[in-house]
Amino acid sequence: MPTLFKFLTFLAVIAGLVYGGMIALVTFVKPEPREMVEIVPPSKLQK
């Protein structure tokens, strides 16, 4: 049984690190809005 508890504790620590990393990304990384331009060739517009 102690091995199962160690394994579950290990999984909980890994899950906490992943969750903490996601929270850190959401908190500290702010996206910059910018204009996006895509050129459509005229052959795509006419069929």
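The numbers in my numbering rise by one with no breaks, and the one at position 32 of the sequence shown is 72.
No residue lacks a Cβ here, since even glycine has one placed at the ideal position from N, Cα and C.
Inter-residue Cα distance where the pair is residue i and residue j
i: K70; j: G56; result: 23 Å
i: V77; j: L51; result: 44 Å
i: T49; j: E72; result: 39 Å
Coarse secondary structure for residue i, derived from DSSP in three states
i: P42; result: helix
i: P73; result: coil
i: I63; result: helix
i: I79; result: coil
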